[in-house]
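Please read the structure below before turning to the comments.
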Amino acid sequence: MKASRIAAAGALAASAVIALSVPAFAHVTVQPEGTAAKGGYAIVDFRVPNERDNASTTKLEVSFPSDHPLTSALPVPVDGWDVKVTKTELDKPIESHGEKITEAVSRITWTAKGDGIEPGFLQKFPVSIGQLPEDADELVFKAIQTYSNKEVVRWIEVPQEGQEEPDSPAPVLPLADAADGHSHGASDASSGSGDEAEDSGEKADEASAQTTASEDSGDGTDTTARVLGVVGIVVGGTGVAYGVLAGRRRSDA
51 MKASRIAAAG ALAASAVIAL SVPAFAHVTV QPEGTAAKGG YAIVDFRVPN
101 ERDNASTTKL EVSFPSDHPL TSALPVPVDG WDVKVTKTEL DKPIESHGEK
151 ITEAVSRITW TAKGDGIEPG FLQKFPVSIG QLPEDADELV FKAIQTYSNK
201 EVVRWIEVPQ EGQEEPDSPA PVLPLADAAD GHSHGASDAS SGSGDEAEDS
251 GEKADEASAQ TTASEDSGDG TDTTARVLGV VGIVVGGTGV AYGVLAGRRR
301 SDA
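Structure below.
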């Protein structure tokens with residue numbers, strides 16, 4: 051999938067400020083919009099709560115995994131925030147879509163233009179990312195949250211399976227197995243092949259035409275029935291009038 055498709059998909063993602071209501075949002079997390087499938091592309095939301103009562107969150111830095119570098123990361127613009135994408139040269143180039151890639155995204159930084167995330171609220175920062183690795187079950191993103199009072203919280207502790215969640219866990223993105231045995235995840239479902247799309251369009255047009263023809267046929271039948279009904283009434287009325295006149299003539303004779 052080309053980066054332009056990812057950008058188009060990313061443009062459809064919504065960013066929002068949400069009022070906090072449960073303690074489950076007590077730390078920075080990352081969640082996919084839909085499915086993040088191995089070998090494919092996905093739109094993910096970095097969700098940032100404000101845990102302080104007397105300060106706003108004014109900056110977020112997210113470090114991307116270096117063990118599974120991502121060559122594409124397209125942030126969706128968020129009102130009230132500046133965004134900067136930092137790339138780093140790879141020690142060993144990788145291939146993606148037949149092209150040799152020599153650099154990958156290492157960090158994305160969001161900086162508030164105004165008040166930022168105020169106390170009691172959560173902000174989503176959507177990013178379209180890929181190509182997701184095929185040889186990993188999850189990706190770890192380490193995040194640094196800065197408040198307006200200069201306090202810095204580092205969400206960088208990697209959770210370990212079978213152990214309690216650390217005090218400052220890093221955001222972890224689970225990766226789903228690729229669907230139907232291919233490695234492009236749910237993203238391909240929206241693209242499809244040109245022939246399939248054309249066939250679907252032709253079938254839809256044919257069904258629409260049949261429906262229209264059926265409706266037109268029904269209208270024509272109704273019209274014919276109305277005409278015949280009117281003719282019948284006229285003929286019946288004429289017969290009655292003729293009978294009355296004939297009766298009067300016999301009486302006069």
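For what it's worth, the working numbering labels the leading residue of the sequence shown as 51, then goes sequentially. We treat Cβ as the ideally placed atom computed from N, Cα and C, and that holds for glycine.
Listed in chain order, the beta strand (DSSP E) runs fully inside the region 152–221 are 171–180, 188–190, 192–197 and 202–205, counting runs of at least 3 residues. Collapsing the DSSP output to three states places Ala123 in a strand.
Boundaries of the beta strand (DSSP E) around Thr79: Thr79 to Pro82. Contact check for Leu120 against Ile194 fails: the beta carbons are separated by 9 Å or more.
At the C-beta level, Val78 and Val98 come within 9 Å of one another. Closest option to Ser106, judged by alpha-carbon separation, among Val177, Asp217 and Glu201: Glu201. At a Cβ-Cβ threshold of 9 Å, Pro115 and Leu189 count as neighbours. For a cut-off of 8 Å, the C-beta gap from Val80 to Pro221 is around 4 Å, short enough to register as a contact. If you check the CB distance, Asp95 and Val177 come in under 9 Å. CA-CA distance, Ala123 to Thr161, rounds to 17 Å. In the three-state reduction of the DSSP assignment, Ala228 falls in the coil class. Between Pro219 and Trp205, the CB-CB gap stays under 9 Å. Less than 9 Å divides the Cβ of Val112 from the Cβ of Phe191.
Under the three-state reduction of DSSP output, Val133 falls in the strand class.
When only Cα atoms are considered, Asp185 and Tyr91 end up about 15 Å apart. DSSP places Asp95 in the uninterrupted beta strand (DSSP E) bounded by Ala92 to Pro99.
By the neighbour-count criterion, in which 16 or more other beta carbons inside 10 Å mark a residue as buried, Lys150 falls on the exposed side. Residue pairing by DSSP places Ala87 opposite Ala226 in a beta bridge. Put simply, of Gly84, Asp227 and Glu168 the residue whose alpha carbon is nearest the alpha carbon of Gly130 is Glu168. A straight-line Cα-Cα distance of about 11 Å links Ser156 and His118. The beta carbons of Glu139 and Thr159 sit about 19 Å from each other, so the pair does not count as a contact at 8 Å.
Cβ-Cβ distances below 7 Å link Val135 to Ala123, Pro125, Val155 and Ile158 in the same chain, with the five nearest sequence neighbours on each side left out; the list follows chain order. If you draw a straight line from the Cα of Ala228 to the Cα of Gly170, it comes to about 38 Å.
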